[in-house]
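Worksheet: one structure, shown below.
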Amino acid sequence: MPYPTFLDTLSAPRMGVYKRVFRTQTPEETSGAVLWAQSMTVALQALIHTFEVVLRNRVHVTMSRQDTETPGPAVDSFAWYDYLQGSRQLQGETFAKVEAVLCDKNKIRLSTLPSPDRVIASLPFGVWPNILDAQLPTPKVEVRTFLDVFPHHPTAKFHWKHRANQKAAVAVVKDVRAWRNRLSHCKPVWTEGWFRSSVNQHWTEVLNRLTSRRAEALEVLGWMCPKTAAVYKGGFAGRLFDALATDAAVFAHIQQPLAAGTGPVYAAANPAALAAYKARP
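Given below as structure tokens:
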């Protein structure tokens, strides 16, 4: 198999990291480690993308309602981010990101502004932790916002009254964002800086850290919408993570990178049911 060529298309320094972390001794084994990490990235990106969309939607709804419930009626989608329409003035980089969507390249307001839903979908992940962490004007607004965004925390009514608890939730959100950026730039699945700071630099530590980090993200996603978290866990990506985050999965990839047993296998479909599905108008 052309494993050396496969590795040559990737960066030599990165392959050195995989060799060290996974203790590989041949190009075949190193390729297996890389393929395991690529599959793990697939499993994690599904969670991260779901997390981002749920978060931005919940922030958008509560901000919209807070800006429109007086005099009412409250609506779920309003241009609360626009200081010319809403009651708040965003600051710093978040303000600049919003203005970039609302203005042309000369920083002149568009004659026809995009809908609130389109604006929200256009904003980067980093806007949302910044709003939760630094753009809420009063403690009362902070508590209201966290209650609306994370309503399913077991003790939400009291939990979100404490700034330390708010900070802890935002820290997880920021970590998910950092993870997203790292994976989007094709970097290894472990935390930025882990390789340099780890004493052992061993793949078993990677598994433990991935499992713990993913559990934190799932917990916060569950605070926003437990049913969405349950769907992710029961779906292909969730089950893929559970299968990959094991010693056996790593070893299988190291031994036989391209073997069928290291990937998903689907049961044969009922021909009539499949034909009916494909024929749907």
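Letter by letter, the sequence shown follows residues 34 to 314 in the numbering used here.
Yeah, the Cβ is synthetic: ideal placement off N, Cα and C, and Gly gets one too.
Rounded distance between the beta-carbons of residue j and residue i, thought under 8 Å
i    : j    : result
V209 : A248 : About 12 Å; that fails the 8 Å criterion.
V222 : M34  : Not confirmed; about 23 Å, so no contact.
D137 : L146 : That belief does not hold up - the Cβ atoms of D137 and L146 are roughly 11 Å apart, past 8 Å.
L240 : A278 : 5 Å
K194 : V176 : 6 Å
L216 : Q78  : 6 Å
CA-to-CA distance, residue j to residue i, given in whole angstroms
i    : j    : result
N233 : L88  : 36 Å
Q99  : V264 : 30 Å
V75  : H218 : 13 Å
H186 : R313 : 41 Å
V152 : M96  : 14 Å
G119 : K173 : 18 Å
S110 : V92  : 10 Å
A292 : A282 : 12 Å
L117 : Q199 : 29 Å
N90  : T59  : 47 Å
E238 : S230 : 12 Å
V203 : S44  : 34 Å
Contacts around residue i, its chain only, beta-carbon distance under 8 Å, and the 5 residues preceding and following it disregarded
i    : result
K190 : L180
R246 : D208, W212 and T224
V80  : It is Leu, not Val, that sits at residue 80 in the sequence shown. For L80, where only same-chain residues beyond five positions count, the Cβ hits under 8 Å are R247, A250, L251, L254, Y265, A270, G271 and F274.
T57  : Y51, T63, G65, A66 and I287
N163 : G125, E126 and T127
L108 : A quick correction: the sequence has Val, not Leu, at residue 108. Contacts found: S97, R98 and T101.
Residue i beta carbon near the ligand SAM (any heavy atom closer than 7 Å)
i   : result
V67 : Among the components of this structure there are no ligands whatsoever, and the ligand SAM is therefore not found.
Beta-carbon contacts of residue i that lie in its chain and below 6 Å, excluding the five residues immediately before and after
i    : result
W227 : none
K260 : none
Check your understanding: Curious, which full-length alpha helix (DSSP H) runs of at least 4 residues does the region 140-228 contain?
Key -> 149-155, 160-167, 172-182, 189-192 and 196-217
**Study point:** Validate contact between the region 113-130 and the region 151-163 using beta carbons, cut 8 Å, 3 pairs
**Key:** yes
Check your understanding: In the region 222-278, which residue ranges form an unbroken alpha helix (DSSP H) of at least 4 residues, counting only runs that do not cross its ends?
Key -> 227-230, 236-257, 259-267 and 269-277
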